Amino acid sequence: LEEVLVSIENELQAVELQIQELVDKQQELLQEKMRVKCLLRESLDDSEASGSKDSETSAKSWNKTDFPWYEKITSALLEKFKLQKFRSLQLETVNAAMARKDIFLVMPTGGGKSLCYQLPAVCSDGFTLVICPLISLMEDQLMVLEQLGISATLLNASSSKEHVKWVHTEMLNRNSQLKLIYVTPEKIAKSKMFMSKLEKAYQAGCLARIAVDEVHCCSQWGHDFRPDYKSLGILKRQFPSVPLIGLTATATNHVLRDAQKILHVQTCITFTASFNRPNLYYEVRHKPSNNEDFIEDIVKMVNGRYKGLSGIVYCFSQKDSEQVTMNLQKLGIKAGTYHANMDAKYKTRVHKGWASNQIQVVVATVAFGMGIDKPDVRFVIHHSMSKSMENYYQESGRAGRDDQKADCILYYGFGDIFRISSMVVMENVGQEKLYDMVSYCQSMNKCRRVLIAQHFDEVWDSANCNKMCDNCCRENSCKKMDITGYCRDLIKILEQAESMSEKLTPLKLIDAWSGKGVSKFRVAEVTPPKHSREELERIIAHLLLQKYLKEDFSFTAFATISYLKIGPKAGLLKNEAHIVTIEGITSRKSIYKDKPSPSSNLEGSREDAQTVSKAVQDVKKSQGHKRPNCGSNVKPKKLKLRAGEEDQPVVLD
1 LEEVLVSIEN
11 ELQAVELQIQ
21 ELVDKQQELL
31 QEKMRVKCLL
41 RESLDDSEAS
51 GSKDSETSAK
61 SWNKTDFPWY
71 EKITSALLEK
81 FKLQKFRSLQ
91 LETVNAAMAR
101 KDIFLVMPTG
111 GGKSLCYQLP
121 AVCSDGFTLV
131 ICPLISLMED
141 QLMVLEQLGI
151 SATLLNASSS
161 KEHVKWVHTE
171 MLNRNSQLKL
181 IYVTPEKIAK
191 SKMFMSKLEK
201 AYQAGCLARI
211 AVDEVHCCSQ
221 WGHDFRPDYK
231 SLGILKRQFP
241 SVPLIGLTAT
251 ATNHVLRDAQ
261 KILHVQTCIT
271 FTASFNRPNL
281 YYEVRHKPSN
291 NEDFIEDIVK
301 MVNGRYKGLS
311 GIVYCFSQKD
321 SEQVTMNLQK
331 LGIKAGTYHA
341 NMDAKYKTRV
351 HKGWASNQIQ
361 VVVATVAFGM
371 GIDKPDVRFV
381 IHHSMSKSME
391 NYYQESGRAG
401 RDDQKADCIL
411 YYGFGDIFRI
421 SSMVVMENVG
431 QEKLYDMVSY
441 CQSMNKCRRV
451 LIAQHFDEVW
461 DSANCNKMCD
471 NCCRENSCKK
481 MDITGYCRDL
491 IKILEQAESM
501 SEKLTPLKLI
511 DAWSGKGVSK
521 FRVAEVTPPK
531 HSREELERII
541 AHLLLQKYLK
551 EDFSFTAFAT
561 ISYLKIGPKA
571 GLLKNEAHIV
581 TIEGITSRKS
591 IYKDKPSPSS
601 NLEGSREDAQ
611 TVSKAVQDVK
621 KSQGHKRPNC
631 GSNVKPKKLK
641 LRAGEEDQPV
651 VLD
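Just so you know, we're using UniProt numbering here: the sequence shown kicks off at 1 and counts up by one.
Structure below.
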């Protein structure tokens, strides 16, 4: 009878786990149902959703040419901004801005958000206050405006007293030609003097409108929450009649609603453009564990298909950006470092050098920034994955702003998951957003654009990708593989470690599974799998995402260490019928075919300059096929790096 009781208890436990799995699935479906219902509502006339008396909120209501200011804005578009026509949603947004409406604009990186407040600023009396989070963003826009002959300025901590005094005077001058004043949110939060001048400008009728760039920074649910942005709510309270426009490339509906509440915007018109950038090619590559191989891979691309073309390499840390810059410079690449802790003069020097094509590649952290407006960026390479899909979409979106083809290549490394996780664990939704990014990298079947669309609450048909991502370029889809046995083996290893009061880092878990490393962590009945280390890493990452494993953190005085433990869904494995699958375990290196340069269809193509080594060309011929739009898988002669040189940022003269 005791055996029967134990059997019943085990069966009940298995049933409870199955119920939990079904509840999780139910929650997932309910969330998807809510998402689709929101999309359905938004596809109807926006006036029904807003319920405001300003209910000309649909884009069609503002896509007209009979407004009294139409001739003025089209004339300024041509004469001041040297543009022949408006891009998608620009006319609608400018019309609403000229009508002094409060606006939220969601538009992809490179879609032309800046024009939507710059053009109304030029066509209106008074000045527009622009709040931006990054100095590099403001410097970039000021350079462009200066070239166009539009009067604009920047106020920050390094501004001279004379310059500050001049700006304060112009703010109160009704006849001033100064049209745009750029400040950081810290200026609003911490400068009583500046707020006093704004009050006087408002009373004098000189404050025409307020533009809040990267408005997602207001929300703690956004990917880049900044506390000083929360203080911007004072602007609408103090200057209620001044129209406000909030701009972003990466806000979900939830983040937008939160930002609207924080900024005290009662009713507004929301324009949302499609996330899709049809000229961008998305690709995920396995990150080589050997740094020399990694640098070699990047150099091969920069000197080959991107020879003479501008690009960005994004790194996760400042140290990485400095090291990668030095390695690239040693191998003849004109590269410059950019990160937050560099001297302001050096940052400006690198920024201007890159904008003028004296520097080919900027190796940067996320500090090299939002709103960078160089149109001819042909490649954005991620040395490590971003900490969220929002970050990645924004950073990769700095490529191809001239609407010509450009590449967005992300190097995905297993170790980066835990390196980033230990950095974001204290953030509100940091780990959740990181796992969304890992899921994007892990996918080997689904269209990259579908994955991005789902994240940003948009419906997308993969047929419209036009083979502009690595997964859509695959000749054969990856079949699912049963990894239930592997999952049970990993649980056994973790159970044994737990019984010894030991914790396993991800790397130690792989070693124990592979029959390597410390012998006490190995389990006798676990047979080491016959897969590459890359494939084992993909399996563990998949089990982490599916909650068969979970992370546990240990905090020391110097670091946060990530360990792997048994996850909440591991109990389901007690049911013999339970199966765990993963998309086919296939080395990424074997599926890419050669592709032409992203600029091969442009005038002045550099085909004669894109000479890779003769050995590489011979190998390509021997393969007997031409590559579509995916990176090279042929290794040139090994490139050696010199060691022992001083670890410091290098800035080109």
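Cβ coordinates follow ideal geometry from the N, Cα and C atoms, glycine included. Remember, predicted model here, so these are calculated numbers, not experimental data.
As DSSP reads the structure, serine 356 sits in no beta bridge. With respect to the 8 Å criterion, leucine 247 and lysine 236 are not classified as neighbours on the basis of their beta carbons. A check of alpha carbon separations from isoleucine 103 across Gly304, Tyr282 and Phe271 identifies Phe271 as the nearest.
A contact is defined here as three or more CB-CB pairs under 8 Å, and the stretch 380-389 meets this definition with respect to the stretch 401-412. For isoleucine 150, the three-state secondary structure derived from DSSP is coil. For cysteine 408, the uninterrupted beta strand (DSSP E) segment begins and ends at 406-412. Fully contained in the stretch 483-519 are the following alpha helix (DSSP H) runs of length 4 or more, in chain order: 484-499 and 506-513. Rounded to the nearest whole angstrom, the CA to CA distance from proline 506 to valine 130 is 45 Å. No residue range can be given for valine 580, since it is assigned to no alpha helix (DSSP H) and is classified by DSSP as neither H nor E.
A Cβ-Cβ distance of about 6 Å is found for the pair glycine 397 and proline 108, placing them in contact under the 8 Å criterion. At least 8 Å separates the beta-carbon of serine 88 from that of alanine 355. With respect to leucine 564, leucine 451 sits apart: the two C-beta atoms are not nearer than 8 Å. Here histidine 339 carries a coil assignment [DSSP, helix/strand/coil]. Around the beta-carbon of glutamate 576, fewer than 16 other beta-carbon atoms lie within 10 Å, marking it exposed. Taken through DSSP and simplified to helix, strand or coil, serine 477 comes out as coil.
Lysine 60 carries a helical assignment under DSSP once its states are collapsed to helix, strand and coil. Ranked by Cα distance from valine 284, the options Lys508, Gly571, Phe81 and Asp470 are led by Asp470.
Collapsing the DSSP output to three states places lysine 82 in coil. A Cβ-Cβ contact shorter than 8 Å links asparagine 279 with alanine 406. DSSP places serine 462 within a helical segment (H, G or I) once states are collapsed to three.
Spatial neighbours of glutamine 90 in its own chain (CB-CB distance under 7 Å, excluding positions within 5 residues in sequence) are listed in chain order as Gly112, Leu115 and Cys116.
Rounded to the nearest whole angstrom, the CA to CA distance from leucine 137 to aspartate 373 is 8 Å.
Residue nearest to phenylalanine 555 within the set Trp460, His578, Val425 and Arg533 is Val425 (criterion: CA-CA distance). Residues of the same chain with a CB within less than 7 Å of the CB of valine 94, apart from the 5 flanking positions on each side, are Ile73, Cys116, Leu119 and Pro120 in chain order. A straight-line Cα-Cα distance of about 10 Å links aspartate 24 and leucine 30.
Residues Met171 and Leu172 of the same chain have their beta carbon placed closer than 8 Å to that of lysine 200, with the five preceding and five following residues left out of the count. Following the DSSP letters along the chain, one finds leucine 434 inside the alpha helix (DSSP H) bounded by residues 430-442. Residues of the same chain with a CB within less than 6 Å of the CB of glycine 110, apart from the 5 flanking positions on each side, are Gly397 and Arg401 in chain order. With contact defined as three or more Cβ pairs closer than 8 Å, the stretch 250-261 and the stretch 205-222 are in contact. If you compare the alpha carbons of Glu79, Asp293 and Thr365 with that of asparagine 327, the shortest gap goes to Asp293. For arginine 100, the closest C-alpha among the options Ser124, Thr527 and Leu83 is that of Ser124.
With a cut-off of 8 Å on Cβ pairs, the stretch 533-542 is in contact with the stretch 507-521, counting three or more such pairs. If the five residues before and after serine 176 are omitted, its C-beta is found closer than 6 Å to the C-beta atoms of Glu170, all from its own chain and listed in chain order. Cβ atoms of isoleucine 188 and serine 231 come within 8 Å of each other, at about 6 Å. Distances from the alpha-carbon of leucine 148 to those of Glu79, Leu22 and Leu198 put Glu79 closest.
Uninterrupted alpha helix (DSSP H) stretches at least 4 residues long and entirely within the stretch 245-316 occur at 253-262 and 291-303, given in chain order.
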